[in-house]
Amino acid sequence: MYKYQEISEKIRKKIVNGNYEAGGLLPDQNKLAEDFNTTRITIRKAIQALIIEGIVYTKRGAGTFVRKDYIQNLDDIGNAIDKPLGTTLTHPNKKVVSKILLLDARLPSQEEQDNLMISATEPVYVIERVRYIDDQVYSYEHTIMPTAIAKITKEVLLGSIYSFLTKKCGLTISGSHRIVKANKATEKDVEAMGVKHDDPVLVIKQVSYLEDGEPFEFSESHFPYQKSQVTADIDLNN
Numbered sequence: 001m002y003k004y005q006e007i008s009e010k011i012r013k014k015i016v017n018g019n020y021e022a023g024g025l026l027p028d029q030n031k032l033a034e035d036f037n038t039t040r041i042t043i044r045k046a047i048q049a050l051i052i053e054g055i056v057y058t059k060r061g062a063g064t065f066v067r068k069d070y071i072q073n074l075d076d077i078g079n080a081i082d083k084p085l086g087t088t089l090t091h092p093n094k095k096v097v098s099k100i101l102l103l104d105a106r107l108p109s110q111e112e113q114d115n116l117m118i119s120a121t122e123p124v125y126v127i128e129r130v131r132y133i134d135d136q137v138y139s140y141e142h143t144i145m146p147t148a149i150a151k152i153t154k155e156v157l158l159g160s161i162y163s164f165l166t167k168k169c170g171l172t173i174s175g176s177h178r179i180v181k182a183n184k185a186t187e188k189d190v191e192a193m194g195v196k197h198d199d200p201v202l203v204i205k206q207v208s209y210l211e212d213g214e215p216f217e218f219s220e221s222h223f224p225y226q227k228s229q230v231t232a233d234i235d236l237n238n
């Protein structure tokens with residue numbers, strides 16, 4: 001993990017813990033650089049990462065502010081489609097638990113080869129999990145990942161895959177391409193999440209990329225409609 005990522009995570013935790021108030025002004029970049037014993041350039045990158053995550057925003061000539069709705073949004077079990085952080089990091093003040101349904105390895109299908117940019121002879125992990133937030137069903141995940149990326153174990157799957165890849169393996173996740181749609185519940189949804197046949201479910205299909213542009217994940221996540229909402233931040237300045 002890069003220095004700016006460590007600092008952005010520390011600032012995020014201070015916001016969640018109330019050290020920096022919702023709607024309040026963050027210390028200026030010189031003060032933050034002093035507090036975190038780093039340079040203004042690193043602080044600027046950390047702030048930019050928090051802006052991308054929708055946690056803070058800047059006003060020209062006024063400074064950087066914590067978004068008033070950030071803590072409130074953390075209390076909702078929803079989906080931020082513009083954040084490639086994964087369930088655990090997207091809900092830092094919640095209890096996230098995983099139930100492993102499947103961890104296997106095989107050769108990839110043609111669709112998986114195309115999305116992950118791998119050959120037919122490069123094996124992939126097949127991962128199926130049910131995620132729970134504060135003891136409520138949050139999602140059913142079906143994930144395909146090249147085995148060459150990292151050694152994935154059941155112990156890893158009980159926690160956050162993204163945290164494992166970034167903190168333990170030293171990889172940098174840069175973003176995801178996502179398709180969001182609604183489907184009727186499948187037999188697997190009924191079995192995994194306890195929803196009813198033909199209930200609507202929110203489906204997020206995505207390919208996620210490392211910093212060098214290499215795809216490392218091809219996944220489809222299903223969410224019960226009762227607990228699903230989609231949040232996206234639109235920046236008209238880009």
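Letter 223 of the sequence shown, counting from 1, is numbered 223 in the UniProt record's numbering, and no numbers are missing. Using N, Cα and C, we set each Cβ at its ideal position, and we do this for glycine too. Note that the structure is a prediction, hence the values are computed from the model and not measured.
query, result
"Nearest residue (CA-CA) to residue 35, options 48, 11, 17 and 45", "11"
"Residue 32: CB within 7 Å of a non-hydrogen atom of the ligand SAM", "Here there are no bound small molecules, and the ligand SAM is not part of this structure."
"Classification of residue 237 by the beta-carbon crowding that lies within 10 angstroms, buried from 16 upward", "Per-residue confidence for residue 237 stands at a pLDDT of 48, beneath the threshold of 50, marking its modelled position as unreliable; no derived number is given."
"Cβ contact (3+ pairs, closer than 8 Å) linking the region 144-158 and the region 175-186", "no"
"Exposed unless 16 or more other CB atoms sit within 10 angstroms - verdict on residue 123", "exposed"
"Coil, strand or helix - residue 105 by DSSP", "strand"
"C-alpha gap between residue 152 and residue 219, whole angstroms", "15 Å"
"Residues sharing a beta bridge with residue 20, DSSP", "None; residue 20 has no bridge partner."
"Backbone secondary structure at residue 208 - three-state DSSP", "strand"
"Exposed unless 16 or more other CB atoms sit within 10 angstroms - verdict on residue 119", "exposed"
"Exposure label - residue 168; buried when at least 16 CB within 10 Å", "exposed"
"Three-state secondary structure (DSSP) of residue 77", "The pLDDT assigned to residue 77 is 46, lower than 50, so where the model puts this residue is not dependable, and the model offers no usable value."
"Limits of the unbroken alpha helix (DSSP H) element including residue 49", "40-52"
"Rounded straight-line distance, which links the Cα of residue 127 to that of residue 105", "9 Å"
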